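First up is the structure itself, then whatever we jot down about it.
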Amino acid sequence: MAYVSRIVTSGFRVYWRVTRSFTLAAEACLIDGEDRVALVQSATGRGWQLPRTEVHKGEALDEALRRFLVADYRIRLASRPELFWMYEESLAERHGMTGLYVVRHWRQDAAPAAGLSFFGLDALPPELPPQDAARIRQAAEGRAPFEVC
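This is the structure in structure tokens:
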């Protein structure tokens with residue numbers, strides 16, 4: 013009976029991995045010279061979020077972040093971004109891991125891109141989910157997640 017149980021369990025694992033996608037994303041806590049954080053309107057238009065992109069196959073997390081910031085916002089990083097935290101996301105539309113980078117040294121090649129707005133840590137938009145606001149404050153202040161609890 014244990015043999016049959018292992019076969020059934022293994023079959024369900026394969027089915028789960030094939031039918032559900034797993035994403036890897038890179039997210040930027042982009043901080044300007046006035047200690048403000050860049051946020052963008054979410055794709056649904058119902059709130060704000062940190063700039064983020066999915067990582068393409070064969071691409072490193074920091075490469076994905078650089079590609080995305082240049083392509084979408086004309087932002088070039090002046091130094092290597094600091095990986096602050098990896099966290100798991102389990103939403104209805106996606107399941108995966110997100111690497112949160114803190115970016116303090118950057119420049120914008122042209123006029124500010126539409127949709128990119130800067131907010132002080134004490135003036136984050138009220139529509140921002142509380143867990144995102146906490147994550148942004150922790151990253152900007154350099155406090156590890158376990159130091160907050």
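According to our numbering, the sequence shown holds residues 13 to 161 in order. Backbone N, C-alpha and C fix where the C-beta goes; we use that ideal spot for every residue, glycine too. Given the structure is predicted, the values throughout are model-derived calculations rather than measurements.
Asked, Found
"Whole-angstrom distance between Ala14 and Leu81, CA atom to CA atom", "52 Å"
"Cα-Cα separation, Ala68 to Leu89", "Checking the sequence shown, residue 68 turns out to be His, not Ala. Taking the straight line joining both Cα atoms gives about 19 Å."
"Beta-carbon proximity of Ile43 to Arg116, cut-off 7 Å", "yes"
"Short Cβ contact (7 Å threshold) for Gly108 with Thr21", "no"
"7 Å Cβ cutoff met for Gly132 and Arg48", "yes"
"Start-end ranges of the beta strand (DSSP E) lying completely within the stretch 99-139, minimum 3 residues", "107-115, 118-120, 128-132"
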